[in-house]
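Visitor:
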Amino acid sequence: EAGVTQSPTHLIKTRGQQATLRCSPISGHTSVYWYQQALGLGLQFLLWYDEGEERNRGNFPPRFSGRQFPNYSSELNVNALELEDSALYLCASSFGRENTYEQYFGPGTRLTVT
Amino acid sequence: LAKTTQPISMDSYEGQEVNITCSHNNIATNDYITWYQQFPSQGPRFIIQGYKTKVTNEVASLFIPADRKSSTLSLPRVSLSDTAVYYCLVAPTGGFQKLVFGTGTRLLVSP
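Below, the structure is given as structure tokens:
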């Protein structure tokens, strides 16, 4: 069974540009989560999508946004990139609305803002 | 969300059993305890989840005392590939599974 996939693996952008990151969940999973892990820091929750709707977001500015498509894949958009947005962005998926913290993570997208 | 406290680092040798304890004094009645493993530059991997007493799977065991103010992740016969950061998470279930990771415990397994 294929795991969570993310693309691209690496992304290099300059300040002020926009970045688009993509995630495909495990087949059958309807929930997708996005996390940011800056160098040396723990994971910070960004967004949660379930059944195509944004269910919750973390403490990040509105320039971080995303969406979930009918096939449950998801896209994270970061507008007006800042240097501190450089981080590993991780996507995770799970069965929706279940009482479990068993999330399956993808390999991540390394975003570098110069 | 309940605050968790774990040792910053632990050292072990191949073949030994490793026990990592997490304190969560303010755990609430509907909180679950979950452990994740993370290798450098990779996403975390779910290890085990429990509510009370003991849970065992093919990878690890989780021991939770009756007062649930702490929990112990037990890794039997570790190998070099178990070198990673281990995170203890405590949070309620019920529709919103936001993971809140602390600093974790960095386990180093030596030959």
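Protein sequence lines correspond, in order, to chains A and B. Heads up: the first sequence begins at 23 in this note's numbering, then just goes up one per residue. Heads up: the second sequence begins at 18 in this note's numbering, then just goes up one per residue. Using N, Cα and C, we set each Cβ at its ideal position, and we do this for glycine too. Being a predicted model, the structure only gives us computed values, none of them experimental.
Please report the distance separating the alpha-carbon of Tyr57 of chain A from that of Ser95 of chain A.
Guide: On the first sequence, position 35 is the one that residue 57 of chain A refers to. On the first sequence, position 73 is the one that residue 95 of chain A refers to. Taking the straight line joining both Cα atoms gives about 15 Å.
Visitor: Give me the chain A residues within the contact set of Arg62 of chain B, using Cβ-Cβ distance strictly less than 9 Å, ordered along the chain.
Guide: The residue given as residue 62 of chain B occupies position 45 in the second sequence. Ordered by position in chain A, the residues that pass the 9 Å Cβ test against Arg62 of chain B are Tyr126, Phe127.
Visitor: Expressed to the nearest angstrom, what Euclidean distance is found between the alpha-carbon atoms of Gln54 of chain B and Cys113 of chain A?
Guide: Taking the first residue of the second sequence as 1, we reach residue 54 of chain B at position 37. Taking the first residue of the first sequence as 1, we reach residue 113 of chain A at position 91. Roughly 16 Å separates the two Cα atoms.
Visitor: Under DSSP, the beta strand (DSSP E) around Gln40 of chain A begins and ends at which residues?
Guide: Position 18 of the first sequence, counted from the start, is the residue given in the question as residue 40 of chain A. Element bounds for Gln40 of chain A: n/a, residue is neither H nor E.
Visitor: Select from the segment 46-60 of chain B all residues with a C-beta closer than 8 Å to any C-beta belonging to chain A, and list them in chain order.
Guide: From the segment 46-60 of chain B, only Tyr49, Thr51, Ser58, Gln59, Gly60 have a Cβ closer than 8 Å to chain A.
Visitor: Thinking Lys20 of chain B and Asn43 of chain B are a contact (beta carbons under 8 Å), I'd like their distance in whole angstroms, please.
Guide: Taking the second sequence and counting its residues from 1, one reaches residue 20 of chain B at position 3. Taking the second sequence and counting its residues from 1, one reaches residue 43 of chain B at position 26. That pair is a contact at about 6 Å.
Visitor: What are the partner residues of Arg123 of chain B, as DSSP defines its beta bridges?
Guide: Translated into positions along the second sequence, residue 123 of chain B becomes position 106. Bridge partners of Arg123 of chain B: B:Ser26, B:Val102.
Visitor: Please name the residue in B:Val126, B:Thr38, B:Phe63 whose C-alpha comes closest to that of Ala101 of chain B.
Guide: Your numbering for residue 101 of chain B matches position 84 in the second sequence. The option with the nearest alpha carbon to Ala101 of chain B is B:Val126.
Visitor: Please list the partners that Ala83 of chain B has in chain A, where partner means a Cβ-to-Cβ separation under 8 Å.
Guide: Translated into positions along the second sequence, residue 83 of chain B becomes position 66. Going along chain A, no residue has its Cβ under 8 Å from Ala83 of chain B, so there is no contact; the nearest lies around 22 Å.
Visitor: Helix, strand or coil, according to DSSP, for Leu68 of chain A in the structure here?
Guide: By one-based count along the first sequence, residue 68 of chain A stands at place 46. Reduced to three states, the DSSP call for Leu68 of chain A is strand.
Visitor: Does the distance from the CB of His41 of chain B to the CB of Lys86 of chain B come in under 8 Å?
Guide: On the second sequence, position 24 is the one that residue 41 of chain B refers to. On the second sequence, position 69 is the one that residue 86 of chain B refers to. In this structure, Lys86 of chain B lies closer than 8 Å to His41 of chain B by Cβ.
Visitor: When burial is assigned at 16 or more other CB atoms within 10 Å of the CB, is Pro82 of chain B buried or exposed?
Guide: Translated into positions along the second sequence, residue 82 of chain B becomes position 65. It is exposed - the Cβ of Pro82 of chain B has fewer than 16 other Cβ atoms within 10 Å.
Visitor: For Ser46 of chain A, which residues from the same chain have a beta carbon less than 6 Å from its beta carbon, with the 5 sequence-adjacent residues on both sides left out?
Guide: Numbered from 1 along the first sequence, position 24 holds the residue referred to as residue 46 of chain A. Within the same chain, Ser46 of chain A has close Cβ partners Thr27, Ser95.
Visitor: Would you tell me roughly how many angstroms separate the C-alpha atoms of Gly112 of chain B and Ser116 of chain A, rounded to the nearest one?
Guide: Taking the second sequence and counting its residues from 1, one reaches residue 112 of chain B at position 95. Taking the first sequence and counting its residues from 1, one reaches residue 116 of chain A at position 94. Annotation note: pLDDT 47 at Gly112 of chain B (below 50); position unreliable, coordinate value reported separately. Approximately 12 Å between the Cα atoms of the pair.
Visitor: Using beta carbons (cut-off 8 Å, strictly below), is Ala101 of chain B in contact with chain A?
Guide: Translated into positions along the second sequence, residue 101 of chain B becomes position 84. Ala101 of chain B does not count as touching chain A.
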